[in-house]
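So the structure is just underneath, and the comments pick up after that.
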Amino acid sequence: MKNFRIVFSFFLFLIFSISNAQKVGVVDTDYILNKMPQYKEAEARLNAQIDTWQSELQNLQSEYERKRSAFESEKVLLIGDQLKLREKEVMDLEKNIKTTTSLRFGATGEIKKLRTNLVQPFQDQIWGAIKTMAEKNGIGIVIDKTSNNVLFLQKRFDYSDKVLDILLKDTDKKEKTKTRK
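Quick note on numbering: the sequence shown equals residues -21 to -1, 1 to 160 in mature numbering (1 follows the signal peptide of the UniProt record, and there is no 0).
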């Protein structure tokens, strides 16, 4: 009788845990972002801005090199205030290059802020579509494949295309309402 209770309790526990098991799905946000045409356009604008800033920085760098070499070659001929003035000019240009580099390309620079502002609206859209897809398919846990923590994945558990379909349908609906107005 005691063994029967243990076995019965084990079966109840097993049935309860199987019925409460969570369904897991995986999405690849990089794949989804790269399939969205609006994201590609925004990324192209960002890359154009980055190219502009890099060319400005290269111009500053070449001007600095030119002035520094001119200062080094004329250093012997300069005296007093002229020497200090030219040296200050070269040092100010060097500081300007360092400041511009850190402001635009640094860890908290303008590029990082622009990239965050670029990606954030698309991430919000993706997360909304993931939520819709998860509720529709009864998925309890969704893992992002982009984070490189997925060691193995069967294609049937990859819901990236379903999320992309939801996003593209929403985009098509928005474009149709814009053209009607």
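Beta carbons: idealized from backbone N, C-alpha and C, even for Gly. In this text, all values refer to a predicted model and were calculated from it rather than measured experimentally.
As for any alpha helix (DSSP H) of minimum length 4 sitting wholly inside the segment 58 to 116, the runs are 59 to 84, 89 to 116, ordered along the chain. Inter-residue distance for I11 and V142 is about 8 Å (C-alpha atoms, whole angstroms). Rounded to the nearest whole angstrom, the C-alpha separation of R45 and A21 is 36 Å. For the pair T78 and L39, the Cα-to-Cα distance works out to about 12 Å.
The segment 103 to 117 and the segment 72 to 87 do not touch, with fewer than three beta-carbon pairs separated by less than 8 Å. In this structure, L25 and L97 form a Cβ contact; the two beta carbons are roughly 6 Å apart against a cut-off of 8 Å.
For I122, the enclosing beta strand (DSSP E) begins and ends at 120 to 123. Under a 10 Å Cβ-count criterion, I58 is classified as exposed, with fewer than 16 other Cβ atoms of the shown protein chains found around its own Cβ. Per DSSP, reduced to three states, the secondary structure at V55 is coil, with no helix or strand assignment. Annotation for D9: the continuous alpha helix (DSSP H) segment containing it runs 8 to 14. Burial check for M70: the Cβ neighbour count within 10 Å stays below 16, so the residue is exposed.
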